[in-house]
Amino acid sequence: MSFLSGVDMIGGYGGADILQGCTIEVNEGEIAVIVGPNGAGKSTAMKALLGMLELKQGDIRFRGKDISGLTPQDRIAEGIAFVPQTNNVFTSMTVYENLEMGAFLRDDDISTTVEQIYELFPILAEKRDQLAGELSGGQRQQVAVARALMSQPEVLMLDEPTAGVSPIVMDELFDRILEVRQTGVAILMVEQNARQALHIADRGFVLVIGENRHTDTGAALLADPEVRRSFLGG
Amino acid sequence: MSNTRKTQLAFATIGVLLLIIGFAQSWNVSLGILNLCLISAVMALGVNMQWGYAGLLNVGVMGFAALGGVSAVLVSQAPVVEAWNASWGRMLVAAICFAGTVAAAVFTYRKLASGRNRNLALTLVILVGLALTRIFLDPAISSIEAIEPAKTGFLGGMGLPIILSWIFGGVVAAGIAWCIGKVALGLRADYLAIATLGISEIIIAVLKNEDWLTRGVKNVTGLSRPVPYEIDLQTSPWFIDLMGWWHGSVLDGLATDARQQALKQFVIDGSSIFVKLCYTGLFAAVLLIVLWLSVRALNSPWGRMMRAIRDNEVAAGAMGKDVTRRHLEIFVIGSAVIGVAGAMLTTLDGQFTPTSYQPLRFTFLIWVMVIVGGSGNNMGSVLGGFLIWLVWIEAEPVGVWLMEVGTGWLDESNALRLHLIENAQHMRLFFMGLVLLLVLRFSPGGILPEVVRKR
Amino acid sequence: MEALTDLVSALVLILNFIVVPGLSYGSQLALGALGITLVFGILRFANFAHGDTMAFGTMITILVTWWLQAQGVSLGPLPTALLALPIGILFTVLLLVITDKTVYRYYRHHKAVPVTFMIASMGVMFMTNGIVRFVIGPNDQRFLDGERFIVRARDFKAMTGLSEGLSIKVSQGLTIVIAIVLVALLFWFLQKTRTGKAMRAYSDNEDLALLSGVDPDRVVLVTWIITAILATIAGTLYGLDKSFKPFTYLQLLLPMFAAAIVGGIGNPIGAILGGYVIAFSEVMVTYAYKKVFIYLLPQSLEPEGLLQLLSTDYKFAVSFVILVLVLLVRPTGILRGKVL
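Residue numbers (our numbering), protein chains in the order written: chain A, 25 to 258; chain B, 99 to 553; chain C, 7 to 346.
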């Protein structure tokens with residue numbers, strides 16, 4: 025029984041069904057990665073877990089509880105955090121204010137969480153009073169992840185966190201994500217850079233046209249010759 | 099119900115309403131309303147071209163209508179010779195200075211690379227140019243305004259038949275629209291709205307204050323007419339004969355004296371109705387021409403392209419359509435139509451009163467017509483023009499009547515009752531807003547929605 | 007010595023006819039433009055009904071002021087209208103909240119395009135205008151009482167011995183003081199409170215704000231409440247300073263839009279800056295500088311004309327020209343707001 029799961033999901037944004045019965049699951053302290061070709065429905069599957077589209081069919085459970093009826097806001101309140109691919113920081117607010125917004129639904133003291141975040145992302149401590157819009161692409165991604173972590177989520181969902189950043193920054197981001205896993209958070213991410221992502225993944229889902237093609241541990245998928253040939257470029 | 103059936107039904111309803119007004123109030127009132135309905139319909143067609151075809155939000159309808167209005171003055175008034183004699187030299191120099199300023203500004207703008215230097219140079223050129231212009235213009239203006247200020251005090255017009263102003267008004271409005279469009283059209287819809295709102299206020303300010311050109315708030319009255327005068331009709335034998343024939347059955351039964359009396363009354367009443375009918379004919383002709391052209395244009399390749407641009411600007415732009423240029427075209431054409439309607443209105447009024455141009459009446463009311471009638475549908479705009487004008491005019495007496503009945507239980511001199519009756523006319527604004535919101539919410543296509551042809 | 011007196015006199019003239027009126031008019035515009043910019047930032051449309059919202063709030067304030075005056079209540083040297091303001095604000099809040107519930111909310115939930123909101127706001131403008139004219143009539147209303155001046159021109163002359171007087175009206179002083187207090191409160195609210203930050207976040211990035219758990223309905227509600235407070239106070243101050251006439255308030259829409267856009271729409275500091283830019287431009291361009299130059303220049307160079315750049319009737323033209331210039335040179339406004 026998984027921590028967060030969406031089983032046999034069918035649905036889309038009103039037109040044709042993008043998801044054709046795929047299943048996505050993630051456990052505590054685990055990194056799950058969704059990979060696949062363009063248009064496979066990777067981001068859509070993640071958004072379905074968050075409730076951002078209406079499913080025709082599918083069972084979405086969080087900590088064993090059915091959350092299909094909840095709005096995205098309610099799911100966030102339950103302990104799921106989401107980092108969108110683009111426009112994922114408040115550009116006109118300072119880094120610290122971005123963190124505060126991440127903790128918007130909390131009414132306890134957030135200072136210890138902020139300290140933890142600063143430990144995890146030291147650069148943010150340095151830039152805490154700068155506007156997020158003035159930061160570099162990699163720094164912004166860190167702000168985005170940090171904002172999501174501020175709600176102390178049990179599941180962190182990342183939509184292509186490394187899109188458009190340089191390889192060095194990408195490695196650094198993956199390192200940070202591994203560190204986040206150490207704190208016991210379940211991490212689910214969609215990635216274009218399949219090879220690197222599967223390296224750090226405990227579990228990988230290869231989606232094709234809205235269906236699960238391969239599901240296994242990251243290492244096993246990397247070793248699977250068919251996966252290598254079809255999705256990882258040899 | 100199909101759109102055609104709806105159109106027939108709607109216009110039949112309006113016809114019946116006008117007939118009811120004719121019988122219940124008077125034919126004079128009924129025809130008066132009809133004439134303004136026709137003008138409103140032309141204006142609404144102009145706005146519909148901009149909004150319905152192209153999605154351009156023109157909130158400066160009032161300004162273009164006023165430009166049409168002032169054209170009526172400039173075309174039809176006799177030139178004031180003394181004023182020209184007193185000022186032509188300075189006026190000429192001022193005009194040259196002004197033209198030179200514009201040319202120099204354009205030249206500077208083209209020749210210098212953008213940046214602080216260009217901005218500085220431009221500012222300098224414009225300031226010096228305008229100062230030079232004013233050195234010559236100011237004394238010219240004083241000399242013009244000094245000539246019989248109570249009667250003229252302005253340059254007068256061209257002394258041509260006033261009907262030409264309908265064309266002239268369209269041209270002037272188109273020219274100004276071109277200038278505004280050049281500046282405001284590449285930007286998003288909201289900016290155009292605010293820019294047009296601004297320009298219309300400025301146009302009105304100019305018309306109110308440039309006495310040498312428009313007599314300003316002193317108004318220009320007694321404009322010439324494209325139709326006969328009542329007083330001439332009343333003395334024309336053919337008209338008296340016509341009235342005698344028309345009312346023959348009533349007149350035949352009367353004694354000679356009484357018959358003379360009755361005929362005289364019929365001639366007086368008939369003359370004003372005849373004049374209104376002449377206007378009705380002219381306005382209806384203009385409306386039909388504009389409508390015919392609009393329908394033709396809308397269904398031409400050009401019209402299809404317009405709607406394609408409206409529905410998806412990005413896609414149309416990607417397909418190589420020059421979106422800004424097409425927008426400029428439609429903006430200019432629509433404004434010209436509004437200008438024509440404005441000239442017609444001033445012609446009908448027989449006088450030009452800058453203070454009568456109020457945004458609620460001239461801009462926002464026309465918008466209600468277009469939205470309620472059905473944006474994107476020409477017949478819808480015509481219908482909206484008729485219907486909303488009718489409601490606008492009749493809401494006043496109906497409102498007052500409602501208040502009188504509603505407060506009947508109060509004493510005649512009760513302050514509240516008097517206040518309510520006195521201010522009842524303003525409730526029609528409230529009512530218009532309500533109609534607009536209801537249509538927008540529950541029937542966003544309007545009464546006659548745009549016809550989307552499937553292929 | 008003579009030269010110094012002349013210089014001081016010229017300065018007093020400028021102070022009296024440009025600085026003081028510019029500051030008070032600018033404050034009124036700034037408060038109005040703040041309302042427009044907040045609605046734009048949060049609800050994302052240009053609110054054509056804002057001028058009439060101001061008229062409505064002012065009307066209620068005037069009615070309550072008259073009632074208070076009839077009861078013999080007064081604030082001594084200050085205008086009674088200040089006492090009536092809270093009631094005016096209350097009614098305006100009600101008006102805006104009701105229009106939001108009945109009109110705008112539907113379009114918000116249906117994700118309508120901004121133009122639809124704008125046209126809806128025209129409908130609201132009509133209705134509000136109708137109510138105002140119906141209740142109080144279309145004419146000029148005066149409701150200023152109490153002391154008229156803080157500094158009288160005559161007293162100033164007697165005090166300083168100068169030939170030029172400086173007069174500051176109570177309404178002008180009040181406007182400036184209230185505007186400063188109000189703006190300080192607003193910025194404190196936006197920068198320091200939870201709701202204020204939620205508003206800024208929502209304005210900055212709606213989707214991310216929703217993902218952070220911001221309740222959109224609450225943000226919108228608070229926005230309307232703040233708009234109502236700003237609009238009523240701005241309208242009342244303008245009415246005290248000049249006079250109240252429904253049509254004038256409709257016309258204020260243009261300079262207020264200009265102020266909001268010139269400063270950078272969606273940006274509150276921009277709205278304030280824009281308000282003063284527009285106000286000072288209007289006052290400076292339409293002021294006749296003849297007397298100033300008489301003091302400053304030697305007698306032989308005395309100017310003949312009024313030295314007025316534009317007649318006062320063209321003040322709308324000033325806001326418009328500045329607006330156009332800014333649109334051409336820097337479409338996001340002086341302080342980088344959003345592009346409309």
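Where a beta carbon is used, it is the ideal one built from N, C-alpha and C, also for glycine.
Neighbourhood of residue i by C-beta distance below 8 Å, restricted to the same chain and skipping five residues each side
i	result
C/ILE278	ALA36, ALA39, LEU40, VAL189 and GLY269
B/ALA203	LEU220, VAL223, ILE224 and GLY227
A/LEU129	ILE100, ALA101 and SER175
Buried or exposed (CB count within 10 angstroms, at least 16 for buried), residue i
i	result
C/LYS203	buried
B/ASP350	exposed
C/PRO274	buried
B/TRP343	exposed
C/LEU191	exposed
A/TYR37	exposed
B/ALA229	exposed
B/LYS374	buried
C/LEU346	Note that C/LEU346 scores a pLDDT of 43, beneath 50, so its modelled location is shaky and nothing firm can be said.
A/HIS223	exposed
B/PHE205	exposed
B/PHE121	exposed
C/LEU303	exposed
B/ALA139	buried
Alpha carbon of residue i to alpha carbon of residue j, nearest angstrom
i	j	result
B/ILE278	C/THR181	36 Å
C/LEU381	B/ILE300	Since the first residue of chain C shown is 7 and the last is 346, residue 381 of chain C is not available in this structure.
B/ALA142	B/GLU243	37 Å
A/GLY228	A/ILE48	9 Å
B/ALA413	B/ILE407	8 Å
B/VAL489	B/LEU532	13 Å
C/ILE267	B/TYR289	9 Å
A/VAL193	A/GLY162	6 Å
C/SER317	C/ALA323	10 Å
A/GLY63	A/ARG252	19 Å
C/ILE142	C/LYS248	17 Å
B/LEU132	B/MET403	35 Å
A/ALA225	A/LEU77	26 Å
C/PHE263	C/MET133	20 Å
A/ASP199	A/GLN220	11 Å
B/LEU463	B/LEU391	24 Å
Bounding residues of the alpha helix (DSSP H) (the contiguous stretch that carries residue i)
i	result
A/ILE211	From DSSP, A/ILE211 is part of no alpha helix (DSSP H) but of the beta strand (DSSP E) over 210-214.
B/HIS517	513-521
A/THR239	First-last for A/THR239: 235-240, but that is the beta strand (DSSP E), not the alpha helix (DSSP H).
C/THR11	8-20
A/PHE229	Careful: A/PHE229 lies outside any alpha helix (DSSP H), inside the beta strand (DSSP E) at 227-232.
Span of the beta strand (DSSP E), counted from its first residue to its last, around residue i
i	result
A/ALA56	55-59
B/ASP420	No beta strand (DSSP E) holds B/ASP420; DSSP gives it neither H nor E.
A/GLY82	79-86
A/SER29	28-35
A/THR259	Not covered by the structure: residue 259 of chain A. The range shown for chain A is 25 to 258.
Other residues of its chain near residue i: CB distance less than 7 Å, five sequence neighbours each side excluded
i	result
B/ASN101	LEU546 and VAL549
B/VAL178	ILE245, THR250, PHE252, LEU253 and GLY254
A/GLN154	THR118 and VAL119
Cβ-based neighbour list, residue i, same chain, cut-off 6 Å, excluding 5 preceding and 5 following
i	result
B/SER479	ALA142, LEU143, ASN146, VAL468 and GLY471
B/LYS552	With a pLDDT of 48 at B/LYS552, under the threshold of 50, the modelled position of that residue is not reliable, and the figure given next carries that caveat. For B/LYS552, where only same-chain residues beyond five positions count, there are no Cβ hits under 6 Å.
B/ILE194	none
C/VAL226	none
A/SER26	GLU49 and ASN51
Check: Going along the chain, which unbroken runs of the alpha helix (DSSP H) with 4 or more residues stay wholly within the region 141-174 of chain A?
Finding: List check, alpha helix (DSSP H) in window: 146-150 and 161-173.
Item checked: Length-filtered (3 minimum) beta strand (DSSP E) runs lying within the region 93-138 of chain A -> Counting only runs of 3 or more, we get 104-107.
Next item on the list: Ignoring anything shorter than 4 residues or poking outside the region 126-177 of chain C, list the alpha helix (DSSP H) runs there in chain order.
Entry: Considered as a whole, the region 126-177 of chain C harbours 159-166 as its complete alpha helix (DSSP H) runs of no fewer than 4 residues, in chain order.
Next item on the list: Would you list, in sequence order, the uninterrupted alpha helix (DSSP H) runs of no fewer than 4 residues that lie entirely inside the region 357-415 of chain B?
Entry: Taking 4 residues as the shortest admissible run, the region 357-415 of chain B contains the following complete alpha helix (DSSP H) segments, listed from N- to C-terminal end: 399-409.
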